[in-house]
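Residue numbers (this note's numbering): 1219 to 1345.
Glycine included, each C-beta is placed from N, C-alpha and C at the ideal position.
None of the values given here were measured: they were computed from a predicted structure.
Here's the structure, in structure tokens; my notes come after.
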């Protein structure tokens, strides 16, 4: 069974509510690991926010000071982790996010606010 097929399985309640089953952890860990790299996180953001739901590799590569093969490696990692799908059209490859997987990751990390929550810690500005 491919990693991608396992990630498509229904997920679980937030980890703050219940222990994550071993099978679920094993299935989702590659996606979290893939997003642990700054370049892949930026690529994922560009793909997920692309107008029309997909983006050409020709539009991704110039956004980085990296070689084409390095960008291809990062995109393959995202694809193998089940985060994106890709279609070849002529000489170009178009990428689109897999929203179901992103929702699973988000749901797992969701933490409901409680009355005992302290003031939020300062965090770096997102730009």
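Compute the Euclidean distance between the alpha carbons of residue i and residue j, then round it to the nearest angstrom.
{"i": "residue 1241", "j": "residue 1251", "result": "16 Å"}
{"i": "residue 1223", "j": "residue 1298", "result": "Note that residue 1223 scores a pLDDT of 39, beneath 50, so its modelled location is shaky; the value from the coordinates is reported in the next line. So the alpha carbons of these two residues sit roughly 11 Å apart."}
{"i": "residue 1308", "j": "residue 1277", "result": "15 Å"}
{"i": "residue 1269", "j": "residue 1236", "result": "36 Å"}
{"i": "residue 1238", "j": "residue 1244", "result": "10 Å"}
{"i": "residue 1289", "j": "residue 1324", "result": "25 Å"}
{"i": "residue 1281", "j": "residue 1291", "result": "15 Å"}
{"i": "residue 1255", "j": "residue 1343", "result": "19 Å"}
Pick out whichever of the options has its Cα sitting closest to the Cα of residue i.
{"i": "residue 1311", "options": "1321, 1275, 1289, 1279", "result": "1275"}
{"i": "residue 1187", "options": "1308, 1271, 1284, 1266", "result": "Outside the shown range of the chain, which is 1219 to 1345, sits residue 1187, and nothing can be said about it."}
{"i": "residue 1286", "options": "1239, 1236, 1257, 1237", "result": "1257"}
Would you decide whether residue i is buried or exposed? Buried here means 16 or more other CB atoms lie within 10 Å of its CB.
{"i": "residue 1329", "result": "exposed"}
{"i": "residue 1284", "result": "exposed"}
{"i": "residue 1220", "result": "Reliability fails at residue 1220, whose pLDDT of 43 lies under 50, so the model's placement of it is uncertain and no value is given."}
{"i": "residue 1316", "result": "buried"}
In its own chain, which residues sit with a C-beta less than 6 Å from the C-beta of residue i, not counting the 5 before and 5 after it?
{"i": "residue 1332", "result": "none"}
{"i": "residue 1305", "result": "1312"}
Please list, in chain order, all residues of the same chain as residue i whose beta carbon is under 7 Å from its beta carbon, the five residues on each side excluded.
{"i": "residue 1253", "result": "1259, 1262"}
{"i": "residue 1314", "result": "1265, 1271, 1272, 1302, 1303"}
{"i": "residue 1279", "result": "1286, 1289"}
So residue i and residue j are supposed to be a Cβ contact under 8 Å. How far apart are they, rounded?
{"i": "residue 1322", "j": "residue 1233", "result": "Wrong, their Cβ atoms sit about 12 Å apart, outside the cutoff."}
{"i": "residue 1230", "j": "residue 1326", "result": "7 Å"}
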